[in-house]
Every structure is written in structure tokens, then in C-alpha cells.
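Colleague: Structure below; questions to follow.
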Amino acid sequence: MKLTLKIWRQKNASDKGGFVTYPIDGISTDMSFLEMMDVLNEELAIKGQDPVHFDHDCREGICGMCSLYINGHPHGPQQTTTCQLHMRTFSDGETITIEPWRAKAFPVVKDLVVDRGSFDRIIQAGGYVNVNTGGVPDANEIPIPKRVADEAFDSATCIGCGACVAACKNASAMLFTSAKISQLAMLPQGQVERMSRAEKMVAQMDEEGFGACTNTGACEAECPKGISLTNIARMNREYFSASLKSENV
Amino acid sequence: MSWVTKTLSSTIGRKLIMALTGLFLILFLTGHVAGNLQLFKSDGGEAFNIYAHFMTTNPAVKLLSYLTYISIIGHVIFSIWLGSTNRAARPIGYGVSTPPSTTLSSRNMGILGTFILIFIVIHMQTFWYQMHWGDVPFVTYDGVEYKDLFSIVAFAFQNELMVIGYVIAMAFLGFHLSHGFASAFQTLGLNHAKYSPAIALIGKIYCIVVPILFASMPVYIYFTQS
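Residue numbers (the UniProt record's numbering), protein chains in the order written: chain V, 1 to 249; chain Z, 1 to 226.
Rendered as C-alpha cells:
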């Protein structure tokens, strides 16, 4: 495959940055998108140029480290992570525009790498979960209906990649935060800190400078893990009831 | 900051205000459209004028009208506040923006709302202001004097531009409601496998039926009162 890549290059956080066009040839349709980026970077390295910086880690679609806003979509045209996106999705001769996630709370570090530390701080704000220690618990000692366990698990599949923020017209982190709040709100183990967790995580989310939700559903449509908008409704319920009932005046 | 102001100034709290004021305005629209259906009566505006008199003098209706004014102002102020937060959340935009898999209405609620607000100002200036402080002629039904608001309505809708403007404004209202109705319930956290499909369906019917009923009023008056 022969492609034209239009890539956002930015030296550092304070650099203005801009698009640079790179022609690339000899790309196999079986390559993943990141492997295509590796080929480009090898060529750049041979030429003595600075390779394009981008985030990646497991390349198995489970770590949430890869990002990239490809042709107007987070993680590209398919509902998957960038590492699981294959070059057969594109056609020969196509121009592919690659940008970093755009949000005030995700400042660009270099090129396509953004600092998603704001997500970590939202998680940290949630605090700890009380669990009983001691001997190995018996199986099924903690009763939980299968449906609830499944729903909590669905929420827990959020890998925190930030595609929801990237897709949202308001750069809102509500799908992410709601998935994290939902996961523990539904499990019996998370009940002691349930109210304070909802209050603190929402407060941290606002402090980081994310926008609010307009219920457009763009996040849900782009989420590589299929996190549903029902999580946002649940977060709102959790937050309202926590505000009304918690002891935090 | 007390817990109340802290909650209501959070992004979710501000959305709560948007949802509650929005739902109250939907209730208001339901009452408004139902009452105004009396414009279709072929009685020279008698039923409508008696209704208008009741609506401007009854203390319970007065209270509701104040709630409506507060809801409109609150809805506008909180949308501006949320909008500025939302814009600030993405200081640098994307180079490429493909049409997302979301509805046009949901992405442009602010623009639709701005047009509706302009409409409300013109609408209130034309009828509400006239009814309260304007020079409205009187009519007598069964020995009781009433303000003849119907004559004001009939006169206003002789103007084609006015009729067209009203129909367009109602289209904007329809699109605003097509997202707003169900969205308000989602914001309140009322998302449930049993009820959400029903809410979505009622929202779709509401956003079509109510604006069409409203829009048909100036059109009907234009063709019957000339």
C-alpha cells in the first residue's frame, strides 16, 4: 500500500505544532496501524530525523495506552483500539490524518503523545475500597446476582484510553468517570465508600477541566470497549443521592 | 461553598438544572398548546379571549407563569455557563472532523436554543406585552368586558413574514425537543431498560406533534381571518 500521512508534529508542550506530510510506501494490509507507524519511524530514523512520538504498550487492545485521532475518529474508523486497527481498513493511495487527543485536560507532551494523568487523578480521588481480610473466603460467600456482576464487569472493561474525551464535542470525561463509579457502586465490596467516592471523583473530574455531557452519544459510539451511556445516568444518580445523603456538608 | 451550591455548580449539577427547567418548560408547552387550541374555534375568538382573561388573572396560573419565566431564564443562564465550560475544555480543535454518528440536533442544542430565545422575545413582545400593558380593544360577552386578545392575534398573523417566522421557529423548537426531551431524563439518571424506550418514543412523538400544532395556529389564522 502507498499512503500519504498527515501527522501532527509538536516538539514539546509549549511548541505551537503543526501538520507534516509524509509519503509512505510498501505497507502491508495485514499490518496494524502502529506497525505502520513503526515503519515510518524506522525510515525517519535512517534519514536522521526525529521519529514521530506516539503512545503504545501492550498492542493487544487491553492496556488503553494507544491513542491517535485518525481521520476524524479516535482510534480510527473502527470501534477498536488503534493497536487493533489494521491497514486493510484503509484504501491504497489514501491520505490519513493523525492527530493527538484534543482536550485541555490532556495536554500534548510531544507529537501525538498526550498526558492522560488527569484520568489517574480522577481514579485516585475515588480513594480506597474496604474489603475483609483474613483467610481465603468461601466461594459464593458474598451474594451478588449474576446480572449485577455482569453489569459491573461491563463497566470495569473501560481501559481508560480517553477515546470518549477525544470524541466528545465538549471533551467531557463523563463516560470514563461514570464507568469507574458504576463498577464499584454495583459491587458489594464498594459500598462503604460509595457516596464519598461519587462526590470526590466528580469533583476531581470538574477540577481537571473536562467539559459536561450533552448526551449526544459520540463517546459510546467511539468507545473501543463499548461502554454504554447507562453508566452516565447511573453516575448522575449516584452523585445526586450522594449529595443529598452524605455527611459532607 | 455550601453543599447545595457545590452540587449545583458542578457540571452534573448544572446539567440537573438544565434538565429540570427543560422538563418544566415541556410541561408549560403542553398546557400552552392545549389552551391555544381554542384559536381553532369558529366563535370569533370568544373562547380564546375568556381563556386569555383566566390565564392572566388566576393566582395559581400567575404562580406557574413566574415559574415559567424563572425556568426560561435559568435554562438560558445555565446553558451559557455550561457552554463556556465545554468550549474551554477543548482549546485546540481537530484538523479533521468527520460527521460523527450523533444527531445534528444533539450537537447544536445551543444554536437551536438561541433561535428559540429570539423567538420567545418577539413572541412575548407581540402578545404577552400587548395583553398586559398594550392597547387592546375590549369585547363584551354576556355583559362582562374582556380584552380582545384574539383581534391582536388575528391582526399579527395577517403578516406573511410573521407566519413564516413562526413556522420556522416551531421547526427549531421541534429539533430542540427531539434531543432535549429524552436527554433530560438521561441527565436525571432515569435510564431503565423498561422505561427508556417509552420515554424516547414519547419524546419523538412530542417533538413532532406539539410544534406542528403550534405552527398550524398562525397558518390557520392567516387563511381564515383575512
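Cβ coordinates follow ideal geometry from the N, Cα and C atoms, glycine included.
#1: Can you tell me the Cβ-Cβ gap for Lys104 of chain V and Ala171 of chain V, rounded? I've got them flagged as a contact below 8 angstroms.
#2: Counting only C-beta atoms, is Val96 of chain Z closer than 8 angstroms to chain V at any point?
#3: Buried or exposed: Glu141 of chain V, going by 16 or more other Cβ atoms within 10 Å of its Cβ?
#4: Are there 16 or more other CB atoms within 10 angstroms of the CB of Asp206 of chain V, so buried, or fewer, so exposed?
#5: Does any heavy atom of the ligand PLP sit closer than 7 angstroms to the C-beta of Arg116 of chain V?
#6: Could you work out which residues of chain Z lie near Asn248 of chain V, taking near to mean beta carbons separated by less than 8 angstroms?
#7: Using a beta-carbon distance cut-off of less than 7 angstroms, what residues from the region 17–46 of chain Z approach chain V?
#8: In the DSSP assignment, find the unbroken alpha helix (DSSP H) run with Arg102 of chain V in it and report its ends.
#9: So Asp206 of chain V contacts chain Z; which residues on that side make the cut at Cβ distance below 8 angstroms?
#10: Kindly list, in the order they appear in chain V, the residues whose Cβ is closer than 8 angstroms to that of Ala89 of chain Z.
#11: Check the Cβ of Tyr128 of chain V against every Cβ in chain Z and list those closer than 7 angstroms, keeping chain order.
#12: In chain order, which continuous runs of the beta strand (DSSP E) of length 3 or greater are located wholly inside the UniProt domain "4Fe-4S ferredoxin-type" (149–179) of chain V?
#13: Mind pulling the chain V residues with CB within less than 8 angstroms of Lys15 of chain Z?
#14: Between Ile98 of chain Z and His73 of chain V, is the Cβ-Cβ spacing less than 8 angstroms?
#15: Asn71 of chain V versus chain Z: which residues are under 7 angstroms apart at the beta carbon?
#16: Short of 7 angstroms Cβ to Cβ, which residues in the region 75–97 of chain V face chain Z?
#17: State yes or no: is the beta carbon of Tyr239 of chain V nearer than 8 angstroms to at least one beta carbon in chain Z?
#18: For Ala60 of chain Z, count neighbouring Cβ atoms within 10 angstroms of its own Cβ and tell me buried if that reaches 16, exposed if not.
#19: Could you list the residues in the region 188–205 of chain Z with a C-beta less than 9 angstroms from some C-beta on chain B, going in chain order?
#20: Using three-state DSSP, classify Arg59 of chain V as helix, strand or coil.
#21: Using only alpha-carbon positions, find the residue among Z:Ile120, Z:Gly165, Z:Thr21 and Z:Arg90 that is nearest to residue 228 of chain Z.
#22: Take the Cβ of Thr57 of chain Z as the centre, count every other Cβ of all protein chains shown within 10 Å, and call the residue buried at 16 or more, exposed below.
#23: Please report the Cβ distance between Leu117 of chain Z and Val76 of chain Z, rounded to the nearest whole angstrom; I am assuming they are in contact, meaning their Cβ atoms lie under 8 angstroms.
#24: In chain order, what residues of the same chain lie with their CB nearer than 7 angstroms to the CB of Ile159 of chain V, ignoring the 5 residues before and after it?
#25: Opposite Tyr51 of chain Z in the DSSP bridges: which residues?
#26: If we ignore side chains and look at the alpha-carbon of each, how far apart do Tyr195 of chain Z and Pro211 of chain Z end up?
#27: What are the boundary residues of the beta strand (DSSP E) that Val20 of chain V is part of?
#28: Indicate whether the contact test is met: 3 or more Cβ pairs, each with one atom in the region 171–179 of chain Z and one in the region 143–158 of chain Z, closer than 8 angstroms.
#29: Please identify the residue among Z:Gly134, Z:Arg107, Z:Met162 and Z:Leu67 whose C-alpha is closest to the C-alpha of Ser216 of chain Z.
#30: If I follow the unbroken beta strand (DSSP E) through Ile7 of chain V, where does it start and stop?
#31: Helix, strand or coil for Lys6 of chain Z per DSSP?
#32: Nearest by alpha-carbon distance to Gln124 of chain V: which of V:Leu244, V:Cys223, V:Asn248 and V:Glu199 is it?
#33: Does any residue of chain V have a CB that is nearer than 8 angstroms to the CB of Met131 of chain Z?
Modeller: Checking against the coordinates, here is how it stands:
#1: Counting from 1 along the first sequence, the entry for residue 104 of chain V is found at position 104. Counting from 1 along the first sequence, the entry for residue 171 of chain V is found at position 171. About 7 angstroms; that satisfies the 8 angstroms criterion.
#2: Indexing the second sequence from 1 puts residue 96 of chain Z at position 96. By the rule that beta-carbons nearer than 8 angstroms mark a contact, Val96 of chain Z touches chain V.
#3: The residue given as residue 141 of chain V occupies position 141 in the first sequence. By the neighbour-count criterion, in which 16 or more other beta carbons inside 10 Å mark a residue as buried, Glu141 of chain V falls on the exposed side.
#4: The count along the first sequence starts at 1 and reaches residue 206 of chain V at position 206. So Asp206 of chain V counts as buried.
#5: Ligands in the displayed structure: none, and consequently the ligand PLP is not present.
#6: Within the first sequence, numbered from 1, the residue matching residue 248 of chain V stands at position 248. What Asn248 of chain V touches in chain Z: Trp3.
#7: Listed in sequence order: no entries.
#8: Sequence index remark: in the first sequence, residue 102 of chain V carries index 102 (1-based). Unbroken run through Arg102 of chain V: none, as it is neither H nor E.
#9: As a working mapping, residue 206 of chain V is identified with position 206 in the first sequence. The answer, in chain order, is Ser10 and Thr11.
#10: Position 89 of the second sequence holds residue 89 of chain Z. Going along chain V in sequence order, the residues near Ala89 of chain Z (Cβ under 8 angstroms) are Ala103, Lys104, Ala105, Asn170, Ala171, Ser172, Gly209, Phe210 and Gly211.
#11: Locating residue 128 of chain V in the first sequence gives position 128, counting from the first residue. Those within 7 angstroms of Tyr128 of chain V in chain Z number zero; the least Cβ separation is about 23 angstroms.
#12: Qualifying beta strand (DSSP E) stretches: none in this window.
#13: Against the second sequence, residue 15 of chain Z aligns to sequence position 15. Here the neighbours are Ala212, Cys213 and Asn236.
#14: Along the second sequence, one-based indexing puts residue 98 of chain Z at 98. Along the first sequence, one-based indexing puts residue 73 of chain V at 73. The amino acid at residue 98 of chain Z is misidentified as Ile; the sequence shows Thr. With contacts defined as CB atoms closer than 8 angstroms, Thr98 of chain Z and His73 of chain V qualify as a contacting pair.
#15: By 1-based counting over the first sequence, the position of residue 71 of chain V is 71. For Asn71 of chain V, the residues of chain Z that pass the 7 angstroms Cβ criterion are Val96 and Thr98, in the order they occur in the chain.
#16: Listed in chain order, the positions of the region 75–97 of chain V with a beta carbon within less than 7 angstroms of a beta carbon of chain Z are Thr97.
#17: Locating residue 239 of chain V in the first sequence gives position 239, where the first residue counts as 1. Put simply, the CB of Tyr239 of chain V is near chain Z, with a gap under 8 angstroms to one of its CB atoms.
#18: If you number the second sequence from 1, residue 60 of chain Z lands on position 60. Around the beta carbon of Ala60 of chain Z, fewer than 16 other beta carbons lie within 10 angstroms, which makes this residue exposed.
#19: This model lacks chain B altogether; the protein chains it does include are V and Z.
#20: In the first sequence, counting from the first residue as 1, residue 59 of chain V sits at position 59. Three-state DSSP puts Arg59 of chain V in coil, outside helix and strand.
#21: The displayed coordinates of chain Z run from 1 to 226. Any statement about residue 228 of chain Z would go beyond what the structure contains.
#22: As a working mapping, residue 57 of chain Z is identified with position 57 in the second sequence. Label assigned to Thr57 of chain Z: exposed.
#23: Your numbering for residue 117 of chain Z matches position 117 in the second sequence. Your numbering for residue 76 of chain Z matches position 76 in the second sequence. Val76 of chain Z and Leu117 of chain Z do touch by the CB rule: their CB atoms are close to 6 angstroms apart, below 8 angstroms.
#24: Counted from its first residue, the first sequence places residue 159 of chain V at position 159. Within the same chain, Ile159 of chain V has close Cβ partners Ile62, Cys63, Gly64 and Lys225.
#25: Stepping through the second sequence from its first residue, residue 51 of chain Z is reached at position 51. Answer is none; Tyr51 of chain Z lacks a bridge partner.
#26: Start at 1 with the first residue of the second sequence, and residue 195 of chain Z comes out as number 195. Start at 1 with the first residue of the second sequence, and residue 211 of chain Z comes out as number 211. So the two alpha carbons sit approximately 24 angstroms from each other.
#27: Taking the first sequence and counting its residues from 1, one reaches residue 20 of chain V at position 20. Counting along the chain, the unbroken beta strand (DSSP E) around Val20 of chain V starts and ends at Gly18 to Ile24.
#28: As far as the Cβ criterion goes, the region 171–179 of chain Z does not touch the region 143–158 of chain Z, which means the pair count is below three.
#29: Translated into the one-based positions of the second sequence, residue 216 of chain Z becomes position 216. For Ser216 of chain Z, the closest C-alpha among the options Z:Gly134, Z:Arg107, Z:Met162 and Z:Leu67 is that of Z:Met162.
#30: Here residue 7 of chain V refers to the residue found at position 7 when the first sequence is read from its first residue. Per DSSP, Ile7 of chain V is one residue of the beta strand (DSSP E) stretching across Leu3 to Arg9.
#31: As a position in the second sequence, residue 6 of chain Z is number 6, starting the count at 1. Helix.
#32: Here residue 124 of chain V refers to the residue found at position 124 of the first sequence. Considering only V:Leu244, V:Cys223, V:Asn248 and V:Glu199, the residue with the shortest C-alpha distance to Gln124 of chain V is V:Glu199.
#33: As a position in the second sequence, residue 131 of chain Z is number 131, starting the count at 1. For Met131 of chain Z, the answer is no, since every Cβ of chain V falls outside 8 angstroms of its Cβ.
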